[in-house]
Structure formats: structure tokens, C-alpha cells
Amino acid sequence: MKNMKLKRGLFFLLAVTPLAFAAYSPPAHSASSGWEDIGGGKARLVAVVHPEEGRIEGFVEFALEEGWKTYWKYPGDSGIAPEFDFSQSSGVAIDQISFPAPKFIRIPGSSFAGYKGDTRFVFEGAIGGPNPSLSLNLMAGVCKDICIPAMASFSIDAAELEASDVRSMLELDEAREHLPKSATGELGVVHGTLASDGTLTFDAQVPVNTDDAQLFVMPPAGLFPTEPQAESGQSGTARVFTSSLGSDFVRDEAVGQSWEYVLTTGSEAVTGRVELQP
33 MKNMKLKRGL FFLLAVTPLA FAAYSPPAHS ASSGWEDIGG GKARLVAVVH
83 PEEGRIEGFV EFALEEGWKT YWKYPGDSGI APEFDFSQSS GVAIDQISFP
133 APKFIRIPGS SFAGYKGDTR FVFEGAIGGP NPSLSLNLMA GVCKDICIPA
183 MASFSIDAAE LEASDVRSML ELDEAREHLP KSATGELGVV HGTLASDGTL
233 TFDAQVPVNT DDAQLFVMPP AGLFPTEPQA ESGQSGTARV FTSSLGSDFV
283 RDEAVGQSWE YVLTTGSEAV TGRVELQP
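Using this note's numbering, you'd call the opening residue of the sequence shown number 33 and step up by one each time.
Structure below.
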């Protein structure tokens, strides 16, 4: 009798287990390119396809060697921000690329917003054909003692995009965790102004007991603000950051324009936009 119960239990387990795995298996496919050299490190392309939704997402990963850095999307007046050209892809249209929260990096004679070590830039887009393939031409500035332009090309064909790579899916989830969240009333920039002498002032809200807030701004094309500095002696939840456009700027190119920003504290990062006022 015991053996019969055991056999019935085993039959039930074997019958249900495939269904359970089918129910919980992700409906997406994923693949990764090989690593390519970018001078001071290496880079690769990872893609995850959601065929039922007609969407594709993934990330471009930089693995920089010790001492090497790369830029955020605003590289200052002389750097090279990462550029991701997916135009040679087939049946794929990438419509968004998201940068993780940067840090200010100091090198002799310069300071810029950027990254060290491992960094993942997340992308997403639409699939418009039955056999999509993904191609990327990458260019980025990488720096150690000097800065150099790094270029690399990647491709993932249709057959590879139909594969299933669970590790890539998990890595994409992890990459998204490092992206700034949307700004809120408790953490974000609430006002921005430009004075006649080129001084920029950004008013922000931060959580109570925040003492390490940093602001990164992405200006309209052709404008080159200095690194925003938090005014000294601030407490509570209000923060004021100041920057400068210098004296050589066209006022109409700055005022009334939407400035993208990232605001970070020790444990949080948010992104949003603020319209600059006169």
C-alpha cells in the first residue's frame, strides 16, 4: 500500500513539475555578444527579447581596468560621452538609452561626471520584423592619465536572439537597479534660474539628515555649465546648488529650456527635468 501511494505521489510530481516550470519560465529570449577591447577595458552587448510584446531591451556593459574612467552623458566641454549607434540593426528600433547615476571623477587638471569599474547602460526598443538582429557601433571616451576615444562594434543575430540565457535576464534586472528613479517631492530639483552674469541656481529637496547630495545636470546642446556646487552650511530638507555658464552663452539657449538632471544622496538617485527660469 505504501509503495502504491509513493508511486502515485511520484507520478503526480512528474506530471506537475513540467507544467510548473512552463508556468514560471520567462517568455523572453536573451543573448550576449562577446567582449570587445575598448582600450582601458572591455565592453559587451546583452539583449533580451519579449516576442509577445514586440519589445527588446538589454544593456551595454563596460568593464574598465583599474584607474580607467569613462564619461556620463554630459562630458563637459572636452570629453566624449558614450555614443550608442543601433542604426545598422534589422527589424529593431531602439528608442531609449538610460545611464546609471554617475559620480564626479577627479583627474589632474580636470573634473567630470562619469564612471569607474563595471557600468551598464540600459536600452529598450521595439521589434518590427520576424527575424530581428541587433547591431551596435559604440564610441566613448576612456581616460587614465590621458583620455582616448574608444570604438567597438557588436552584433547579435536572429538565431542568437531566440536563445534563452537566464543569466542575461538576471543581469538586466540588476542593471536596472542602478538606474536613477523618477524624482519625487521629497527628492528632486524644484526650481532653476539663470542670472545675467551666467550663474545657475538649482533649488532641490532632499530627505532629512542628508549631507552628501550631489547634482548632475545635462544642459541643452552648446552650453557648458561648471560642476554644480552645494552651498555650504545647509541643513534640513532644502538644498541650493550653483553653477556657471561663464560669460560666453546665448541666453535664449538656456532660459525656458528643459534641463535633465540626476540628484544623488548616499543611497538614492533620482532623475527629472527642470525648466530654467530667468
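Note that beta-carbon positions come from the ideal geometry of N, C-alpha and C, so glycine has one too.
- Two segments are said to touch when three or more pairs of C-beta atoms, one from each, lie closer than 8 Å; by this definition the segment 197-208 does not touch the segment 224-238.
- Contact annotation: Phe153 and Phe116 have beta-carbon atoms nearer than 8 Å.
- Counting C-beta pairs closer than 8 Å gives three or more between the segment 67-76 and the segment 177-195, which meets the contact rule.
- Of all alpha-carbon atoms in Glu259, Phe155, Pro239 and Glu97, the one lying nearest the alpha-carbon of Pro107 is that of Glu259.
- Residue environment analysis places Lys213 among the exposed positions, since fewer than 16 neighbouring C-beta atoms fall within 10 angstroms of its C-beta.
- Excluding its 5 nearest sequence neighbours in each direction, Val302 has C-beta neighbours in its own chain below 6 Å: Pro212, Lys213, Ala215, Leu219, Gly220 and Leu295, listed in chain order.
- For the pair Ser276 and Pro257, the CB atoms are nearer than the 8 Å cut-off.
- In the DSSP assignment, Arg138 is bridged to Ser143.
- Looking only at Glu93, Glu194, Ser65 and Ser119, the smallest Cα-Cα distance to Asn169 is reached by Ser119.
- Inside the segment 200-237, DSSP marks whole beta strand (DSSP E) runs of 3 or more residues at positions 220-226 and 231-237, from first to last along the chain.
- When secondary structure is reduced to three states using DSSP, Glu285 falls in the helix class.
- When Thr297, Glu300, Tyr293 and Val306 are compared, the shortest CA-CA separation from Val287 is found for Val306.
- If you ignore the 5 residues before and after Ala262, its C-beta comes within less than 8 Å of the C-beta of Ala245, Gln246, Leu247, Arg271, Val272 and Phe273, all in its own chain and listed in chain order.
- Pro134 sits buried, since 16 or more C-beta atoms from the chains shown fall within 10 Å of its C-beta.
- The three-state secondary structure of Glu68, taken from DSSP, is strand.
- Residue burial annotation: Ser121 is buried, with at least 16 other C-beta atoms found within 10 angstroms of its C-beta.
- Gly173 is classed as buried because its beta carbon has at least 16 other beta carbons within 10 Å across all chains shown.
- DSSP places Ala190 inside the alpha helix (DSSP H), whose first and last residues are Ala190 to Leu193.
- Val240 sits in coil when the DSSP states are folded into three classes, being neither helix nor strand.
- In the DSSP assignment, Trp291 forms a beta bridge with Val306.
- Here the alpha carbon of Gly160 sits roughly 7 Å from the alpha carbon of Gly86.
- When the Cα atoms are used, His61 and Leu308 turn out to be separated by approximately 43 Å.
- Boundaries of the beta strand (DSSP E) around Leu77: Gly73 to His82.
- Under a 10 Å Cβ-count criterion, Ile188 is classified as buried, with 16 or more other Cβ atoms of the shown protein chains found around its own Cβ.
- For Lys101, the uninterrupted beta strand (DSSP E) run begins and ends at Lys101 to Tyr103, by DSSP.
- In this structure, Gly146 and Trp104 form a Cβ contact; the two beta carbons are roughly 5 Å apart against a cut-off of 8 Å.
- Here Ala113 has Tyr103, Lys105 and Pro107 as same chain residues with Cβ atoms under 6 Å from its own Cβ, once five neighbours each way along the sequence are excluded.
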